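Numbered per this note's numbering, the sequence shown spans residues 5 to 237.
A virtual CB, placed ideally from N, CA and C, is assigned to each residue, including glycine.
These numbers were taken from a predicted model, which means no experiment stands behind them.
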Amino acid sequence: MNSDPEAGSLTLPEKAKFVFAQLNALFGRPEWTGGGDPVDELIGTILSANTNDVNSSRAFDQLKTAFGEDWEAVRTAPLEAIKAAIRPAGMYNQKAPHIVAALTRLRELEGCYNLDHLATMEVGEALAYLTAFPGVGHKTASIVLLFCFNRGAFPVDTHIQRISQRLGIGGRTDAAEKIKRIWESLMPPETYYPLHLNLIRHGREICQARAPKCEICPLQPVCDYYNRHGAWA
Ligand code: SF4
Numbered sequence: 005m006n007s008d009p010e011a012g013s014l015t016l017p018e019k020a021k022f023v024f025a026q027l028n029a030l031f032g033r034p035e036w037t038g039g040g041d042p043v044d045e046l047i048g049t050i051l052s053a054n055t056n057d058v059n060s061s062r063a064f065d066q067l068k069t070a071f072g073e074d075w076e077a078v079r080t081a082p083l084e085a086i087k088a089a090i091r092p093a094g095m096y097n098q099k100a101p102h103i104v105a106a107l108t109r110l111r112e113l114e115g116c117y118n119l120d121h122l123a124t125m126e127v128g129e130a131l132a133y134l135t136a137f138p139g140v141g142h143k144t145a146s147i148v149l150l151f152c153f154n155r156g157a158f159p160v161d162t163h164i165q166r167i168s169q170r171l172g173i174g175g176r177t178d179a180a181e182k183i184k185r186i187w188e189s190l191m192p193p194e195t196y197y198p199l200h201l202n203l204i205r206h207g208r209e210i211c212q213a214r215a216p217k218c219e220i221c222p223l224q225p226v227c228d229y230y231n232r233h234g235a236w237a
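So this is what it looks like as structure tokens:
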């Protein structure tokens, strides 16, 4: 646990840097070593909504296996066959048409199933391009850009939203998209990949939704929640 007496009087940019440094010290700094295929990431992220990694991975693998790793075969398949393949991910009645609509739009725009051009597109343009796909919000779009290309887009999921609200990086009721913009204004793009992964790990292991383990948390000195209420009761 960090007990820096100065930490409680930091400015917001200093607080963000403190959080980044403390999480790197606690968990190590994950480095981006190359990304997967962006179309795979896009479809995988649509499948991951409101479920855990195990279920969404199983659904993704079943989808690829059922249609021979061929996105054209998925796009033109009967909706019921897609729903059956992705059933482990849950919400398959919504996710199957979203996948078909996303593949259809990609095919119409690019004539193929390829998103490699995002590597060089300006980040704001790339986010606008991706969020125009059906079922793709700022989190999915940022995940594709960050994980596949290490581009400067910071994805905010429920863990990061909750931790940021508790820390006071963002207001207590701020939406995920606003918190994304705040982090992006406070930290440089090269920090987004390790910061994103370490905040999620922090949310899973320490700053959990129902019973955060404040007593072992190195972010205590800068946490608005902790400094108002003390450890979680
Ligand atoms: S002190 Fe508690 S509420 Fe604050 S970030 Fe740490 S675990 Fe979360």
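Contacts around residue i, its chain only, beta-carbon distance under 7 Å, and the 5 residues preceding and following it disregarded
| i | result |
| --- | --- |
| A100 | L83, I86, K87, I90 |
| P193 | G156 |
| P9 | Any reading at P9 must be qualified, since the residue scores a pLDDT of 47, below 50, and its modelled position is unreliable; no value is offered. |
| L51 | S60, A63, F64, I90, A93, K99 |
| I186 | I173, G174 |
| K217 | I210 |
| T135 | G141, H142, A145 |
| D161 | K143, I204 |
| E181 | H142 |
| L199 | F24, M191 |
Residue closest to residue i, alpha-carbon to alpha-carbon, out of the options
| i | options | result |
| --- | --- | --- |
| T80 | T49, A105, L122 | A105 |
| L131 | A145, E18, A123, G139 | A145 |
| T238 | P225, P193, G94 | Any answer about residue 238 is impossible in this case: the structure gives the chain only from 5 up to 237. |
| R170 | G141, G115, F153, A215 | A215 |
| T208 | I173, L150, I164, I183 | Looking at the sequence provided, one finds Arg at residue 208 rather than Thr. Answer by Cα proximity: I164. |
| Q34 | H233, Y196, C218 | Here the sequence assigns Pro to residue 34, which means Gln is not the residue at that position. Ranking H233, Y196, C218 by Cα distance to P34 puts Y196 first. |
| I103 | H121, I220, L203, V43 | V43 |
| F24 | W75, E188, D120 | E188 |
| L46 | T15, L122, S13, T177 | L122 |
| Q154 | G72, D41, I204, E18 | Per the sequence presented here, residue 154 reads as Asn, with Gln not at that position. Closest option to N154, Cα to Cα, is D41. |
| E126 | E73, T69, L149, L16 | L149 |
| L203 | F158, A179, P225 | F158 |
| E112 | E76, A29, P198 | E76 |
| A53 | Y230, G139, H200 | G139 |
| Y230 | S168, A179, T177, K21 | S168 |
| R176 | A29, D57, V58, D228 | D228 |
| W36 | A29, L201, D57, I220 | L201 |
| A124 | E219, Y133, G32 | Note that residue 124 is Thr in the sequence shown, not Ala. Cα-wise, what sits closest to T124 is Y133. |
Sequence-distant residues of the same chain with beta carbon closer than 6 Å to residue i, five excluded per side
| i | result |
| --- | --- |
| T49 | T144, I147 |
| F137 | A106, R109 |
| L119 | P42, V43 |
| K19 | V226 |
| A70 | A89 |
| E73 | none |
Proximity test, residue i beta-carbon vs ligand 1 heavy atom, cut-off 7 Å
| i | result |
| --- | --- |
| I167 | yes |
| R208 | no |
| L223 | yes |
| L14 | no |
| K217 | yes |
| R170 | yes |
| Y117 | no |
| C152 | no |
| Y230 | yes |
Contacting residues, own chain, Cβ-Cβ under 8 Å from residue i (five flanking each side not counted)
| i | result |
| --- | --- |
| R166 | G207, C211, A213 |
| G39 | E45, F151, C152, F153, N154 |
| N97 | K87 |
| I183 | V160, I164, Q165, S168, Q169, I173, G174 |
**Request:** Please go through the segment 65-121 and give each complete beta strand (DSSP E) segment of 3 or more residues, from N-terminal end onward.
**Result:** As far as the segment 65-121 is concerned, it has no whole beta strand (DSSP E) run of at least 3 residues.
**Item:** Unbroken stretches of the alpha helix (DSSP H), 4 residues or longer, contained in the segment 150-188
**Value:** 162-171
**Message:** Threshold first: 4 residues or longer. Then list the alpha helix (DSSP H) segments lying entirely within the segment 10-48, N to C.
**Reply:** 16-31
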